[in-house]
Structures are given as C-alpha cells and as structure tokens.
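Residue numbers (my numbering), protein chains in the order written: chain D, 7 to 129; chain Y, 7 to 129.
No residue lacks a Cβ here, since even glycine has one placed at the ideal position from N, Cα and C.
Note that the structure is a prediction, hence the values are computed from the model and not measured.
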DNA sequence: CTTTTATATGATTACATGCTCATATGTTAT
DNA sequence: ATAACATATGAGCATGTAATCATATAAAAG
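The following block contains the structure:
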C-alpha cells in the first residue's frame, strides 16, 4: 500500500485520561467479585424470580403457595427457587413434605427496595 | 381406562394456605413494575455492565477511558452504555467529540453497595 | 471542502436461559 | 408394603443476548 496512514477506530492509548483510568483501576474490585455481583443481579433480573423474591419479602411461603401466586407450573417455580438458592438469595426449611422458603439476608429486601425506588421514580 | 385415580403432580388448590396467598397477592406490585424492576436488575446482571457501573460510581469517565478499563472493544463498551442509558442507569454529557458518562441517580450506587455487601458476606 | 478522531449502531454469530413435560425423590398415611 | 402428594430435577425447545466486525455519525482541525 502506498499509504501508511492508519484510520483509527476508537481512541489511541495516548488519548486516555491516564490519571482517571489509574484511579479507577486501582479501586476496581477483582474479577471474581464483579462476576459474583453480576450473577446476583442477574438472578434478580428475571420477572418470575423478581416476583418470587418480592413475595418472599412479605412473608415465608411454601412452594405450593408460590405456585399459586406466580401463575406458572410448579416445576417452573421449583427451578427458579433452585437458582435463587444457589446464589444464597433464599433459604428454606422443611416441615414434613412442605418446603417453606424465605429471604436469606436483609440485603435482599434492601436491594428490592432500592431498585423499586429507582424504578418508581422513573415511571 | 379402568383407573380413574389421578396421580397429582403439584399441590391441589385446596391445599394452599389461602390467607398467605391472599395477603401476598394483595401487596403484590403490578406486573409493569415487576417487569421494570427485573429489567433494571438484568441490566446490572452482566459482568461487563456491572464493571462499567462500578467504575462510574467512582468518577465520571469518557468512553475512551472506559474502553481502556474494560478490556473489550470500543464498540462493545458503546453498546453496553446504550443499554445502561436506556434503563436510566447512566447519563452523559458531550464535550466536543468526547462523551462523559456518569451514574444517573444515587440509587444506582446504593444498589451496587448493597449487592457488594451481600456478595462479600458470602465469600 | 477533506481528514482525523471519538463515539454510535446494524449485522452476525455463539452461547445462555426460562419454560413445560415427564419423571424422580422424599415424606406421610393406609 | 403401596398409595398419595409436595417438591425437585433432567431433557428439549424457543427465545434472548453479549461479543466482534464493519460501517455510520459527529465534531474538530487542516
């Protein structure tokens, strides 16, 4: 090629505000924490699960009650409860055949509350 | 068929704790709010976006800086910024060719903080 | 004007995921 | 033991989505 000019897409490295980038990189959480945090939000980021968690923020409920509230199959509810359990968002206790689910810690209800404030502010 | 016994999977309607279900149904948010809330969490539920939002919780940054921090293409960063913008999680101002992004309201940083407390508690 | 640079966006692809169906597991009762 | 029932789980399908590439805007400089 006769031209050695390059048509750059995106910024050159020397154009970055290095101080900002260094500050942010320095205070950045490590990838493991970021991924775990993202997974937590992702788990809350499906309407079925959001509704389950909201219901459980009101009171402890068995799978049967949740199935009635959710309007999807019992299988579907159980699958989603497992997802929530795996991310430590909910816990459960068994009483005979019945499994009662509830939120795992107070952060979960706080997350919902904070999210609701953001959402209802923008309506 | 000679048998008319039904082998039920899932609970019978008359087995549900009706009072619990009624209480929860009564205080349930409407579907629109649940869906919007879920969308908000979903948007925070991807490691790339989580990291972008975390970075922006530290200071205002341009796309170029973010690209350097994120380690993916500028195109990828821009696509994710649009997603965050569409859910009102971030806002931006232009200064010449440069677009500076920042968090849209204080709830966003609070959500991150609350999520981090949950995550770091379980490590 | 044309060139350069910062950002935005359409198309494509590879992969993830929520739902239902069928079935398994675990608990109580007969 | 067998039956009944609450819950859990594997398979399969249908849909969603994050990444990149190529290209389009937009703003400043020559």
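Looking at the DSSP output, residue 105/Y shares a beta bridge with 100/Y.
One thing to note: residue 94/D has its Cβ within 7 Å of the Cβ of residue 128/Y. Interface with chain Y (7 Å Cβ-Cβ cutoff): residue 44/D is included.
Annotation for residue 76/Y: the continuous alpha helix (DSSP H) segment containing it runs 69-76.
Judged by beta-carbon spacing, residue 124/D lies beyond the 7 Å limit of residue 124/Y, meaning their Cβ atoms are not closer than that value.
Legend: CB atoms of the region 99-129 of chain Y lying less than 8 Å from CB atoms of chain D belong to residues 111, 113, 114, 116, 117, 118, 120, 121, 122, 123, 124, 125, 126, 127, 128, 129. Contact with chain Y is absent for residue 97/D, since none of that chain's Cβ atoms lies less than 7 Å from the residue's Cβ. For a cut-off of 8 Å, the C-beta gap from residue 84/D to residue 104/D is around 13 Å, too long to register as a contact.
With respect to the C-alpha of residue 41/D, the residue from 34/Y, 35/Y, 39/Y, 50/Y having the closest C-alpha is 50/Y.
Of the other Cβ atoms in all chains shown, 16 or more fall within 10 Å of the Cβ of residue 74/D; this residue is therefore buried.
Neighbours of residue 29/Y in chain D, taken as residues whose beta carbon is under 9 Å from its own, are 64, 65 in chain order.
When C-alpha distances from residue 60/D are compared across 76/Y, 108/Y, 35/Y, the shortest belongs to 35/Y. Rounded to the nearest angstrom, the gap between the Cα atoms of residue 38/D and residue 44/D is 10 Å. The beta carbon of residue 110/Y sits closer than 7 Å to those of 94, 95, 96, 97, all from its chain and outside the five residues before and after it, given in chain order. In terms of CA proximity to residue 52/Y, 46/D leads the group 71/D, 57/D, 56/D, 46/D.
DSSP places residue 22/Y in the coil class of the three-state scheme, outside both helix and strand. Among the CB atoms of chain D, none fall inside 7 Å of the CB of residue 78/Y. Taking the Cα positions, residue 90/D is about 44 Å away from residue 21/D. For residue 84/D, not one C-beta of chain Y is nearer than 7 Å to its own C-beta.
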